[in-house]
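Trainee: For the sequence shown, our numbering begins at 457 and goes up steadily by one.
Every residue gets a Cβ at the ideal spot worked out from N, C-alpha and C, and that includes glycine.
I'd like to ask you about the structure that follows.
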Amino acid sequence: MADITASMVKELRELTGLGMMECKKALTETSGDMKAAEDLLRIKSGAKASKAAGRVAAEGVVGLFIVPDGKHGAMVEVNCETDFVAKNKEFIDFAENLAELAVTNNLSDVAAMTDSVMPGGETVEGFRKALIMKLGENISVRRCVSHVAQGRLASYLHGTKIGVIVDYTGGDEILGKDLAMHIAASKPICVSKEQVSGDVLERERQIFTAQAAESGKPANIVEKMVEGRIAKYLAEVTLLGQPFVKDTDQTVEQLLATKSTKVNDFAMFIVGEGIEKKSEDFAAEVMAQTKTSKAS
457 MADITASMVK ELRELTGLGM MECKKALTET SGDMKAAEDL LRIKSGAKAS KAAGRVAAEG
517 VVGLFIVPDG KHGAMVEVNC ETDFVAKNKE FIDFAENLAE LAVTNNLSDV AAMTDSVMPG
577 GETVEGFRKA LIMKLGENIS VRRCVSHVAQ GRLASYLHGT KIGVIVDYTG GDEILGKDLA
637 MHIAASKPIC VSKEQVSGDV LERERQIFTA QAAESGKPAN IVEKMVEGRI AKYLAEVTLL
697 GQPFVKDTDQ TVEQLLATKS TKVNDFAMFI VGEGIEKKSE DFAAEVMAQT KTSKAS
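See below:
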């Protein structure tokens, strides 16, 4: 039997929002398989898919830069160990400079960025190491994206933790900003239902089928229930299907139609998304050190 640790239970609770004992039991039943345990809980409880915001677990900032003509932009995520360093001006400036560098050199690959030369003549890697020595924390450039617009770009930074670039055709700058803010708030995974991965859709279909089967209804009714839930899921995770945050009586698709506007693509970075942050119990650490001291 797999060893079910407290951190595993904690991670599953964050993913599903369910109770500790339910999560521990699911992990036990699935021999510690996190994905299988999440699916099992969703089948039993009807819980929704994991939300991106619930997986935020590391410190850092998003750097964002858009060329004034709105045709080219970039974002980078730079991570550090503590929120204290994440608020440091030199650290924030580093992320912003990297975003501008990504635009200038059309970079969407961290490995290629490492050897790129910054305005001061130092390489990105050299500057990163110097910043580590100065600030006393591990600092890493996690990811970057550079985008050349089909139409024009709008952007939005929620503090320094969530960054969005949206490529749209038609409309005006106000609509572009509204769309970027909507994406930051509602966190769609893609523009339209046609872009949802077949693997993702199949996983959801299997879960919805298992949930519906537990109702004991006839197969034809179960099939209709599943299709209804798939339709609802697609509306929740696609930009066009979501209710517009500033007017929930209409979907984003309906809003765009009234403005003769099309969203071509978007990118969103959430600091720490998908990274598990090391959990530290300072009081427990102090107690452990005290006991060690007394013992010696």
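I believe Val719 touches Thr616 by the beta-carbon criterion, under 8 Å. Please report the beta-carbon distance rounded to the nearest angstrom.
Mentor: That belief does not hold up - the Cβ atoms of Val719 and Thr616 are roughly 25 Å apart, past 8 Å.
Trainee: To the nearest angstrom, how far is the alpha carbon of Asp565 from that of Lys673?
Mentor: Asp565 and Lys673: Cα-Cα distance of roughly 50 Å.
Trainee: Which ranges does the beta strand (DSSP E) cover as unbroken runs of at least 3 residues, wholly within the segment 609 to 676, from first to last along the chain?
Mentor: Those beta strand (DSSP E) runs which fall completely within the segment 609 to 676 and span 3+ residues are 618 to 625.
Trainee: Which word fits Gly510, buried or exposed, when buried means at least 16 other C-beta atoms lie within 10 angstroms of its C-beta?
Mentor: Unreliable positioning characterises Gly510 in this predicted model, as indicated by a pLDDT of 38, which lies under 50. A coordinate reading is not provided.
Trainee: Have a look at Asn535 and Ile522 and give me their C-alpha separation to the nearest angstrom.
Mentor: The straight-line gap from Cα to Cα measures roughly 21 Å.
Trainee: Ser444 to Glu470, Cα distance in whole Å?
Mentor: Residue 444 is absent from the model: the chain starts at 457 and stops at 752.
Trainee: Using only alpha-carbon positions, find the residue among Asp495, Ala458 and Leu696 that is nearest to Thr665.
Mentor: Asp495
Trainee: Would you mind stating whether Ala605 and Asp623 have Cβ atoms separated by less than 8 Å?
Mentor: In this structure, Ala605 places its C-beta atom within 8 Å of the C-beta atom of Asp623.
Trainee: If you pair each beta-carbon of the segment 541 to 554 with each one of the segment 578 to 598, do three or more pairs fall below 8 Å?
Mentor: Yes, the segment 541 to 554 is in contact with the segment 578 to 598.
Trainee: Whose CA, out of Asp571, Glu660 and Tyr612, lies closest to the CA of Phe722?
Mentor: Tyr612
Trainee: In the DSSP assignment, find the beta strand (DSSP E) that holds Glu533 and state where it starts and stops.
Mentor: His528 to Cys536
Trainee: Ile621: buried (16+ other C-beta within 10 angstroms of its C-beta) or exposed?
Mentor: buried
Trainee: Identify which residue in Arg685, Gly516, Met477 and Tyr689 has its Cα closest to the Cα of Gly728.
Mentor: Shortest Cα-Cα distance from Gly728 to any of Arg685, Gly516, Met477 and Tyr689 involves Gly516.
Trainee: Let me check understanding here. Comparing Cα to Cα, which of Thr570, Ile588, His603 and Lys585 lies closest to Ala530?
Mentor: His603
Trainee: Taking Leu690 and Val652 to be in contact with their CB atoms under 8 Å, please state how far apart those CB atoms are, rounded to whole angstroms.
Mentor: 6 Å
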